[in-house]
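In our numbering, the protein residues as written are 168 to 447. Each remark here refers to the structure printed beneath this line.
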């Protein structure tokens with residue numbers, strides 16, 4: 168089945184609007200979609216309504232950054248937003264991200280890159296601001312020739328103006344998703360860069376916290392890797408999900424949509440709560 172359970176809009180670090188993502192999904196024949204922006208629920212109602220009009224089934228989604236490992240994220244699906252504290256918890260994370268932006272801009276100015284907080288906000292009104300927006304301004308003002316180089320020189324992990332991101336613990340992220348009636352899923356497990364034994368140990372710990380699934384069918388993973396992860400997920404009793412991790416222009420080599428076995432999709436859908444945002 169051609170679906171996508173992992174993609175990002177300009178409400179976090181993607182470049183496409185929710186409307187553009189839904190249009191691309193419709194053009195590509197994607198049957199089920201979930202927009203999973205980082206640490207925000209913004210755009211979920213819009214995505215659901217647009218998918219309804221386009222004849223695409225939609226699952227509410229989010230991706231929460233965790234502090235256990237630089238690249239450990241937990242995806243959440245099917246949350247009932249109104250019945251939980253998730254919105255407030257994520258709002259607090261966004262406030263901390265705003266403070267991070269201020270610290271990054273201060274470091275940039277000390278390096279001669281003159282961008283103010285007010286300039287960042289006025290350049291992208293209404294958007295959830297982060298490093299991609301700062302990179303865009305760096306290029307616009309002629310301090311770098313591309314956003315990729317802006318990240319390499321200034322904003323990436325080894326960049327001159329890098330500031331660590333505030334994150335939740337794995338346990339807190341999983342509990343937050345569960346408290347909202349959602350299904351917590353480990354995103355792109357190979358990004359932890361651990362060996363098989365260590366990966367399984369971490370996943371077992373996450374299962375004790377309430378983890379329900381693992382992103383097996385990740386777009387950049389080779390078939391042999393997907394098969395190995397599918398075996399691990401089955402042995403551990405986890406559902407297997409998948410997605411492209413589409414970010415628009417920020418990950419130019421990734422297109423929206425991925426083929427996932429019908430049986431895996433069916434099991435995933437069955438795991439979702441009754442009020443999960445699906446448009447049947």
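In this text, a Cβ means the ideal position worked out from N, Cα and C, and glycines have one as well.
Chain-order list of residues whose beta-carbon lies under 8 Å from that of residue i (same chain, five-residue window excluded)
| i | result |
| --- | --- |
| residue 207 | 178, 179, 229, 257, 261, 295 |
Three-way DSSP call (helix, strand, coil) for residue i in this model
| i | result |
| --- | --- |
| residue 447 | Residue placement at residue 447 is flagged as unreliable, the pLDDT there being 41, under the threshold of 50; a coordinate-derived value is accordingly withheld. |
| residue 351 | strand |
| residue 172 | coil |
| residue 205 | strand |
| residue 413 | strand |
| residue 232 | strand |
| residue 376 | helix |
Residue i versus residue j: straight-line alpha-carbon distance, rounded
| i | j | result |
| --- | --- | --- |
| residue 397 | residue 307 | 44 Å |
| residue 319 | residue 298 | 12 Å |
| residue 372 | residue 355 | 17 Å |
| residue 400 | residue 438 | 15 Å |
| residue 426 | residue 368 | 28 Å |
| residue 291 | residue 182 | 12 Å |
| residue 279 | residue 287 | 16 Å |
| residue 428 | residue 435 | 11 Å |
Residues of its chain near residue i, where Cβ-Cβ distance is below 6 Å and the 5 sequence neighbours each way are ignored
| i | result |
| --- | --- |
| residue 117 | Since the displayed the chain opens at 168 and closes at 447, residue 117 lies outside it and no answer follows. |
| residue 276 | none |
| residue 340 | 231, 233, 241 |
| residue 239 | 233, 359 |
| residue 330 | 267, 270, 271 |
Limits of the unbroken beta strand (DSSP E) element including residue i
| i | result |
| --- | --- |
| residue 401 | Not the beta strand (DSSP E): residue 401 falls in the alpha helix (DSSP H), residues 390-402. |
| residue 406 | 406-410 |
| residue 242 | 240-244 |
Close-in-space but distant-in-sequence residues of the same chain around residue i (CB under 7 Å, 5 per side omitted)
| i | result |
| --- | --- |
| residue 214 | 185, 189, 202, 225 |
| residue 393 | 383, 384 |
Segment limits, alpha helix (DSSP H) that includes residue i
| i | result |
| --- | --- |
| residue 427 | First-last for residue 427: undefined, no H or E at that position. |
Below-8 Å beta-carbon distance, residue i vs any chain D residue
| i | result |
| --- | --- |
| residue 412 | Here chain D cannot be found, since the structure has a single protein chain. |
_Pairs of beta-carbons, one from the region 380-396 and one from the region 405-419, closer than 8 Å: are there three or more?_
As far as the Cβ criterion goes, the region 380-396 touches the region 405-419, which means the pair count is three or higher.
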